[in-house]
Amino acid sequence: MQIETLKIFCDILETRSFSKAASLNYISQSAVSQQVRSLEERYHRKLIERGKRTLTATQAGDVLYRGAKEILERFVAMENRLEVLSNSIVGTLRVATVYSVGLHELPPYLKAFMRRYASANVRLEYSRANRIYDDVSSGVVDLGIVAYPVRRSGLEILPFRQDTLVVITPPSHELARLEKIDVPQLSRQPFVAFERDVPTRRAVDRLLRAHGCAVEILMEFDNIETIKRAVEVESGISIVPLITVRAEVKAGTLVAIPFSKGGLHRSLGILVRKGRERPQIMEEFIRMLQSGDPEES
């Protein structure tokens, strides 16, 4: 059995798709199916249940998946130790994060990292915050980047950075003329919010409650881009990280108003699984993130 066969099998279960697993491994879908058949013939067990819209591992498939993940991690660790001997940064780093971080925080770091280490590859995946914790814990991704990180068993949190949160309005809004704003001034305003399970939503709710301020939530979305578009068409105001609206403020489609008394900051953290060996590519990427300036790291 080849190590690539185990990787393909794990990719199928992690992506829930034969076609995606084929794409990740640069082979045909029929070749992926053949790899699964060879495993099932070897172990005389059905390993994957295929439904109309999804697929799942059988009990035997789950046992094989867990064992294969351990083998693959040991194999990658061995390769990375050999890479250290040649003092090179190569391989693939799987990073999971939310849209606002991936679209607005990480691009300069990714560009600098790929420019510096041409043989390295960072595969960025977008997911909801609660899924990111699970994916880091299970080894589906190598590290995660989340807002307002919380302690969880088996995970280590490394500091990344803090964002300033601001109120955004369309240019025609009555608050748009203000240079700074106090939280009580948001009272009864039509509001476009993040969905309730988004960490930034919970932080905004705490801020409003602390000031006895009630807004009128008209819409809830799970990503920053939809919220910005809703505010641009005058559906309400919102509170978002300043870094995510710089383009719109420059273009004049949104107005960003800072809070007058220290306001609110969004902390970002890097999630890594405790006890796992960190390959050199991971160590270097974390070092660059924590440097604060990708060009100077």
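Residue 1464 in our numbering sits at position 136 of the sequence shown, and the numbers go up by one each step. All C-beta atoms, glycine included, are put in the ideal place defined by N, C-alpha and C.
- request: Determine the burial state of residue 1433: buried for a count of at least 16 other Cβ atoms within 10 Å of its Cβ, exposed for fewer.
  value: buried
field: From 1347, 1376 and 1595, residue whose alpha carbon lies closest to that of residue 1489
entry: 1595
task: Evaluate residue 1499 with the Cβ neighbour count: other Cβ atoms within 10 Å of its Cβ, from every protein chain shown; 16 or more gives buried, anything less gives exposed.
output: exposed
- prompt: Taking the alpha carbon of residue 1484 as the point to measure from, which residue in 1348, 1602 and 1380 has its own alpha carbon closest?
  reply: 1602
- request: Hey, could you find the ends of the alpha helix (DSSP H) residue 1432 is sitting in?
  value: 1427-1432 is the span of the alpha helix (DSSP H), which, as asked, contains residue 1432.
- prompt: What residue from 1524, 1496 and 1616 has the CA that sits closest to residue 1580's CA?
  reply: Closest option to residue 1580, judged by alpha-carbon separation, among 1524, 1496 and 1616: 1496.
Ordered list of beta strand (DSSP E) runs contained in the stretch 1555-1618, each at least 3 residues: DSSP assignment within the stretch 1555-1618 yields the following whole beta strand (DSSP E) runs of 3 residues or more, N-terminal first: 1566-1569, 1583-1585 and 1592-1601.
field: Cβ neighbours of residue 1350 in the same chain (closer than 8 Å, five flanking residues each side left out)
entry: If the five residues before and after residue 1350 are omitted, its C-beta is found closer than 8 Å to the C-beta atoms of 1356, 1357, 1359 and 1360, all from its own chain and listed in chain order.
- request: Would you mind working out which of 1389, 1572 and 1493 sits nearest residue 1531, comparing C-alpha positions?
  value: 1493
- request: Just confirm the distance between the C-beta atoms of residue 1417 and residue 1609, as a whole number of angstroms; I'd bet it's less than 8 Å.
  value: 5 Å
C-beta neighbour in chain C for residue 1336, strict 9 Å: Reference to chain C is not applicable here, since this structure consists of a single protein chain.
query: What residue from 1589, 1571, 1465 and 1375 has the CA that sits closest to residue 1315's CA?
result: Nothing about residue 1315 can be read from this structure; the chain reaches only from 1329 to 1625.
task: Just the C-alpha distance for residue 1373 and residue 1464, rounded to the nearest angstrom, thanks.
output: 29 Å
message: Below 8 Å on the Cβ atoms is my contact criterion, and I expect residue 1331 with residue 1364 to pass it. Report the Cβ-Cβ distance as a whole number of Å.
response: The pair is not a contact, with the Cβ atoms about 16 Å apart (cut-off 8 Å).
- prompt: Hey, is the stretch 1560-1567 in contact with the stretch 1510-1529, meaning 3+ C-beta pairs nearer than 8 Å?
  reply: Yes, they touch.
query: Which residue from 1406, 1345 and 1524 puts its Cα closest to that of residue 1378?
result: 1345
message: Buried or exposed, going by whether 16 or more other CB atoms sit within 10 Å of the CB of residue 1382?
response: exposed
task: Could you spell out the range, first to last residue, of the beta strand (DSSP E) harbouring residue 1518?
output: 1518-1522
field: Cβ-Cβ distance between residue 1599 and residue 1473 below 9 Å
entry: yes
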